[in-house]
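S.K.: This structure is in structure tokens; I'll ask about it shortly.
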Amino acid sequence: MVMASTTSTFLPTLARATPNLQSSSAAAAAKVVVKFFPAQATTTGRVRRRASLSTPRAAVSSGTEKSQPPASSDNKDHQRVVKVSSIDEFDGALRASKNRLVVVEFAARECESSSQIYPTMVQLSRTCGDVDFLLVMGDESEATRELCRREGITQMPHFSFYKGAEKVHEEEAIGPERLAGDVLYYGDSHSAVVQLHSREDVEALIDEHRGGEGKLVVLDVGLKHCGPCVKVYPTVIKLSRSMAETTVFARMNGDENDSCMQFLRDMKIVEVPTFVFIRDGKIVGRYVGSGKGELVGEILRYNGVRVTY
């Protein structure tokens, strides 16, 4: 009964709410316009970006030489990065991980970029215990070349992200900061941010924080393959821990399912990331963009802290 009441009062308020903060020019550029199309449109856009990359990379070799991991071969250095050498091993590792995030680096022995990014993989494997990391040396053997062909890998290094044995994201020609951000963004189970997967999840969270003792709710709305959303998310995670006493942070990817996409329409969100600030069941403001300083300032302001820009 309470849920039904919340839906009838909160959603109309949300639909009428308008942003009361204009993004800076830098933050405004770091936004993505939401297009309410099927998920395939996002995937197609990503493929086009890959084709236009100009960062030096190594193509998959056709030789038969054996390869070692692109960084140190000391097992102590990369014991949590599992090297797989065939399609059967790869598929078995994905099945064993179930719904955990799996990050796969497709690397090549003669690729300098593979060697440079691999230590970041190792470090992330040590600090993200709920994420599984795999390494595929694309030029190791015919078996690994066949795996690369099946997965559509043509350039190295290439990073693919899987959940439930399904690919949810992929990147190539990225640096350590972007890789770390991607792992945080797609490996949500180790963060202090509440993950919302439906309209009902949002309503339940809002109900939980109604009343004078309720916390400010910061709802981070984005898309799965949104670069600015990924960029700002490490800041969201840090804030969710440092402001835990006064603020609860939550996230919804609008393109996760039909319920989430309809919720974006109800909220009239046309750009992401959009941060919706909710106090005692009411929308008190929005911030659109990925400017870290501006986001922090808005959160403080809605927590009653006087902020000057």
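Quick note: the sequence shown uses the numbering used here, first residue -12, plus one each step. Built from N, CA and C at the ideal position, the CB exists for glycine as well.
#1: When you compare the CB positions of residue 189 and residue 239, do they come within less than 8 Å of one another, or not?
#2: For residue 298, which residues does DSSP report across the bridge?
#3: I want to know whether the segment 219 to 228 touches the segment 185 to 199 - three or more CB-CB distances under 8 Å.
#4: What is the DSSP secondary structure of residue 66, reduced to helix, strand or coil?
#5: Which term fits residue 229, buried or exposed, when burial requires 16 or more other beta carbons within 10 angstroms of its beta carbon?
#6: Report back the beta-carbon spacing between residue 163 and residue 94 to the nearest angstrom; my notes put them in contact at under 8 Å.
#7: Hey, residue 170 and residue 111: beta-carbon distance below 8 Å or not?
#8: Can you check which of these residues, 150, 151, 132, 289, is closest to residue 142 by C-alpha distance?
#9: What three-state label does DSSP hand residue 234 in the structure shown?
#10: Excluding five sequence neighbours on each side, which residues of the same chain lie with their C-beta closer than 7 Å to the C-beta of residue 174?
#11: Taking contact to mean 3 or more Cβ pairs, one atom from each stretch, closer than 8 Å, check whether the segment 277 to 285 and the segment 239 to 257 are in contact.
#12: List the residues that DSSP assigns as beta-bridge partners of residue 120.
M.R.: Reading from the atomic positions:
#1: Note that the C-beta distance between residue 189 and residue 239 is below 8 Å.
#2: Any question about residue 298 goes unanswered here, given that the chain covers just -12 to 296.
#3: Taking a cut-off of 8 Å on C-beta distances, the segment 219 to 228 does not touch the segment 185 to 199, as fewer than three cross pairs fall below it.
#4: Under the three-state reduction of DSSP output, residue 66 falls in the coil class, being neither helix nor strand.
#5: Exposed, because fewer than 16 other Cβ atoms sit within 10 Å of the Cβ of residue 229.
#6: Rounded, the Cβ-Cβ distance is 15 Å, inconsistent with contact.
#7: Against a cut-off of 8 Å, the Cβ pair of residue 111 and residue 170 comes out as a contact.
#8: Closest by alpha carbon: 132.
#9: Residue 234: strand per DSSP, three-state reduction.
#10: Cβ neighbours of residue 174 beyond the five flanking positions: 88, 115, 117, 118.
#11: Touching, no.
#12: In the DSSP assignment, residue 120 is bridged to 68, 90.
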